[in-house]
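Engineer: Sharing a structure here in structure tokens format.
In the numbering used here, the protein residues as written are 72 to 222.
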């Protein structure tokens, strides 16, 4: 599997480090930065595929899982794809279950709905972003500038 080859070569963690410590999850470049990030990730990923392979990164529409009574029960979150998680969110099976993560622990932790700090992106949130008329409503997770506040 290409992901496991990337991991063994150390490139998955290097790219993951850029993602984790970029500071982009709460900033104005969230969408555009992630688009470029995924493009670069896929370019590296394809280097680990067999020569001539037409494959690329798999597409995942998380809005499909958001319609399930319990998104954690999705086939996507099974041993066939990204692995199932136990009650604490630790991945317990599948192709990534034995990955040592950047922090040095032996298990990936996934937060999905019904767990603290987790949710699957749903159509309502996607529609909200697409319907915005002011760019500051989509590109920042900060309070509006109030000039009356002394700094």
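Quick reminder that beta carbons are idealized off the backbone N, C-alpha and C, glycines included.
1) Nearest-angstrom Cα distance between residue 142 and residue 126?
2) Would you be able to state if there are at least three C-beta pairs under 8 angstroms between the stretch 191-211 and the stretch 98-108?
3) For a quick check, are the C-beta atoms of residue 113 and residue 135 less than 8 angstroms apart?
4) Is it right to say residue 221 is buried, meaning 16 or more other beta carbons lie within 10 angstroms of its own, or is it exposed?
5) Going by DSSP, name the residue or residues bridged to residue 162.
6) Looking at the unbroken alpha helix (DSSP H) that takes in residue 108, where does it start and where does it end?
7) Which residues does DSSP pair with residue 180 in a beta bridge?
8) Please identify the residue among 202, 124, 154 and 118 whose C-alpha is closest to the C-alpha of residue 80.
9) Do you know offhand how far residue 195's Cα is from residue 130's?
10) Does the Cβ of residue 178 have 16 or more other Cβ atoms within 10 Å, making it buried, or fewer, making it exposed?
11) Would you kindly work out how many angstroms separate the C-alpha atoms of residue 54 and residue 169, rounded to a whole number?
12) So what's residue 90 in DSSP terms, helix, strand or just coil?
13) In the DSSP assignment, find the alpha helix (DSSP H) that holds residue 201 and state where it starts and stops.
14) Ignore the nearest five residues each way along the sequence and tell me which others in residue 193's own chain have a CB closer than 7 angstroms to its CB.
Structural biologist: Answer, in terms of the structure:
1) Locating residue 142 in the chain shown gives position 71, where the first residue counts as 1. Locating residue 126 in the chain shown gives position 55, where the first residue counts as 1. Going from the Cα of residue 142 to the Cα of residue 126 covers about 26 angstroms.
2) By the Cβ criterion, the stretch 98-108 is in contact with the stretch 191-211, since at least three pairs of Cβ atoms, one from each stretch, lie closer than 8 angstroms.
3) The residue you call residue 113 lines up with position 42 of the chain shown. The residue you call residue 135 lines up with position 64 of the chain shown. Judged by their CB atoms, residue 113 and residue 135 are not nearer to each other than the 8 angstroms cut-off.
4) Counting from one through the chain shown, the residue named residue 221 turns up at place 150. Any answer about residue 221 is weak, because its pLDDT of 49 lies below 50 and its placement is not dependable; what the coordinates show is given next. Classification of residue 221: exposed, given that the 10 Å Cβ count is below 16.
5) Position 91 of the chain shown holds residue 162. The partner list for residue 162 (beta bridge, DSSP) reads 156.
6) As a position in the chain shown, residue 108 is number 37, starting the count at 1. Where residue 108 is concerned, the enclosing alpha helix (DSSP H) stretches over 101-117.
7) Sequence index remark: in the chain shown, residue 180 carries index 109 (1-based). Note: residue 180 sits in a beta bridge opposite 161.
8) As a working note, residue 80 is residue 9 in the chain shown. Scanning 202, 124, 154 and 118 for the CA closest to the CA of residue 80 turns up 118.
9) Here the question's residue 195 lines up with position 124 in the chain shown. Here the question's residue 130 lines up with position 59 in the chain shown. Near 20 angstroms, if we compare the C-alpha coordinates of residue 130 and residue 195.
10) Here residue 178 refers to the residue found at position 107 of the chain shown. Counting of Cβ neighbours within 10 angstroms places residue 178 among the buried residues, the total reaching 16 or more.
11) The structure shown does not extend to residue 54, since the chain is modelled only from 72 to 222, so the question has no answer here.
12) Taking the first residue of the chain shown as 1, we reach residue 90 at position 19. Assigned with DSSP and collapsed to three states, residue 90 falls in helix.
13) Residue numbering aside, residue 201 sits at position 130 when the chain shown is read from its first letter. Here the alpha helix (DSSP H) through residue 201 covers 194-202.
14) Residue numbering aside, residue 193 sits at position 122 when the chain shown is read from its first letter. If we look at residue 193 and ignore the five residues flanking it on each side, its Cβ neighbours are 134 and 137.
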